[in-house]
Every structure is written in C-alpha cells, then in structure tokens.
Amino acid sequence: MVNDPIRCTEISNILLNSFGHYIQPINYPTVAAGTERLRITPGPLHTEKMISELVLLSKKLFKKQNISTLKNQLKINYLGQYSGYNKKTFRSPLFSFKT
1 MVNDPIRCTE
11 ISNILLNSFG
21 HYIQPINYPT
31 VAAGTERLRI
41 TPGPLHTEKM
51 ISELVLLSKK
61 LFKKQNISTL
71 KNQLKINYLG
81 QYSGYNKKTF
91 RSPLFSFKT
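Under our numbering, think of the first position of the sequence shown as 1, with each following residue one higher.
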C-alpha cells in the first residue's frame, strides 16, 4: 500500500513511462482515502524473472519515495487471514511461484 494518492499515481506513471510496466494506481473513491495502493495483476505469460525484476524495481521506487514495503507492512497487517498466504512458500514481498 502506498497510502498517498499523489505518490501512488506518480509511482504508477514512473513504472509505465520509464520501464513499460502497467501497474494501476487504486485511489479514492475505489479505496478509502489514505489506503491508496497499486494493483499488480500477473498473467500466465509473466515469467518468474519478469516478476522478480518488477519486485526489485518496486522496492527501489518505494524506498526512493520513502514508502513502507509490503514486507514491513506484513508485520503490521498480518496476511495469514488471506487464503493464498502460506509461510512456507512466501518468498518475495509480493508472491511466489513455488507450491
């Protein structure tokens, strides 16, 4: 979560214009003000390498924008409540292909 509509849109624009990644910014009124986030939708043609590169790039942009990463947010928002979360297979801040 980015938690700021301006930075959310800015990161989305940087990812698209500088790196060719279309990552949707999700801002108010779709989500509550202060809970703005990026929507990442991987498809069947995305490789693990492509996703890993996006994760690294996103981490750099979040650090540059001084935004907490999902890994840090996990400590706050414990994702165990989501059905897809599994501690054994969770490798990256976003997701893993391992079963």
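Backbone N, C-alpha and C define an ideal beta-carbon position, used for all residues, glycine too.
Query - Among P5, I6 and L16, the one whose alpha carbon lies nearest that of S58 - result: L16
Report task. Keeping to the same chain, check which residues put their C-beta closer than 8 Å to that of Y28; ignore five residues upstream and five downstream. Result -> P5 and E36
Query raised in the report: Is L102 near I11, with beta carbons less than 8 Å apart?
Result: Outside the shown range of the chain (1 to 99) lies residue 102, about which nothing can therefore be said.
Query raised in the report: Does DSSP classify L56 as helix, strand or coil?
Result: helix
Requested in this report: Alpha carbon to alpha carbon, how far is P25 from N13? Give it in angstroms, no decimals.
Outcome: 9 Å
Query raised in the report: Do L38 and I51 come within 8 Å of each other at the CB atom, strictly closer than that value?
Result: no
Query raised in the report: Across which residues does DSSP place I26 in a beta bridge pair?
Result: R37
Query raised in the report: Roughly how many whole angstroms lie between the Cα atoms of A32 and N66?
Result: 21 Å
**Report entry** Selected residue, minimal CA-CA separation from C8, among G34, T47 and G43
**Finding:** G34
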